[in-house]
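Remember, the numbering used here sits 403 above the position in the sequence shown when you count from 1. We treat Cβ as the ideally placed atom computed from N, Cα and C, and that holds for glycine. Here's the structure, in structure tokens; my notes come after.
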Amino acid sequence: MTSTPSARLADAGLSLPAVPAPVASYVPARASGHQVFTSGQLPFVDGALEMAGKVGAEVNPDDAARLARTAALNAVAAAAAAAGGVDRIRSVTKLVVYVASDPSFTGQPAVANGASKLLQEVFGEDGIHARSAVGVAVLPLDSPVEIELIVEVVTD
404 MTSTPSARLA DAGLSLPAVP APVASYVPAR ASGHQVFTSG QLPFVDGALE MAGKVGAEVN
464 PDDAARLART AALNAVAAAA AAAGGVDRIR SVTKLVVYVA SDPSFTGQPA VANGASKLLQ
524 EVFGEDGIHA RSAVGVAVLP LDSPVEIELI VEVVTD
């Protein structure tokens, strides 16, 4: 029997956090047809950025992968809020991971794996997705990572 995303979250000892409030003029996620698009989600925990800096300088790659996992959980929470619950998310279509990188850092795919693994943990085979891992000079609030998701949802 296939487990639901909410059951997988519980089995992993995870729960969806409250959707972080936008830091500018946008919404955390927007539904359109059979899809939900999230705005960029940062690794906030209890409303605070967990760590700041550039990956490969102030932030090591293992911490960055953990932060990508946290940001992905926030993105799932935003998508679930727009979809009417996490169990209404049918599959993850696309993941974009932005990594604020020291100019010499080239391990963006390994950082993005933190987010990809979380999505597969929560959604199983339906969490396997297309992905981009992009190195950038700076992100909002000096966050090391930012995540965007596109998910397919069940519609009535």
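Asked                                                                                                        : Found
Range of the contiguous alpha helix (DSSP H) that encloses Gln511                                            : 511-526
Ala486 versus Glu555: straight-line alpha-carbon distance, rounded                                           : 9 Å
For Leu552 and Thr496, the rounded distance between their alpha carbons                                      : 8 Å
Burial state of Asn463, where buried means 16 or more other Cβ atoms lie within 10 Å                         : exposed
C-alpha distance - Ala415 paired with Ala451, whole-angstrom precision                                       : 23 Å
Whole-number beta carbon distance between Ala481 and Val422, since they are thought to touch under 8 Å       : 5 Å
Residue nearest to Leu419 in terms of C-alpha spacing, selected from Pro431, Val500, Ser409, Ile550          : Ser409
Buried versus exposed, by CB contacts within 10 Å (16 or more), Ala484                                       : buried
Completely contained beta strand (DSSP E) runs for the segment 433-520, where each covers 3 or more residues : 438-441, 492-503
Where Gly530 falls: helix, strand or coil (DSSP)                                                             : helix
Beta-carbon gap between Pro546 and Ala460 smaller than 8 Å                                                   : One point to set straight first is that residue 546 is Ser, not Pro, in the sequence displayed. The answer is no: Cβ separation not under 8 Å.
Same chain only: Cβ atoms within 6 Å of Val499, ignoring 5 sequence neighbours per side                      : Ser535, Glu551
Element boundaries [alpha helix (DSSP H), containing Val412]                                                 : Before going on, a small fix: residue 412 reads as Leu here, not Val. 408-414 is the span of the alpha helix (DSSP H), which, as asked, contains Leu412.
Alpha-carbon spacing of Phe526 relative to Val548, whole angstroms                                           : 22 Å
Contact set for Ala513: own chain, Cβ-Cβ below 7 Å, skip 5 residues either direction                         : Pro464, Ala468
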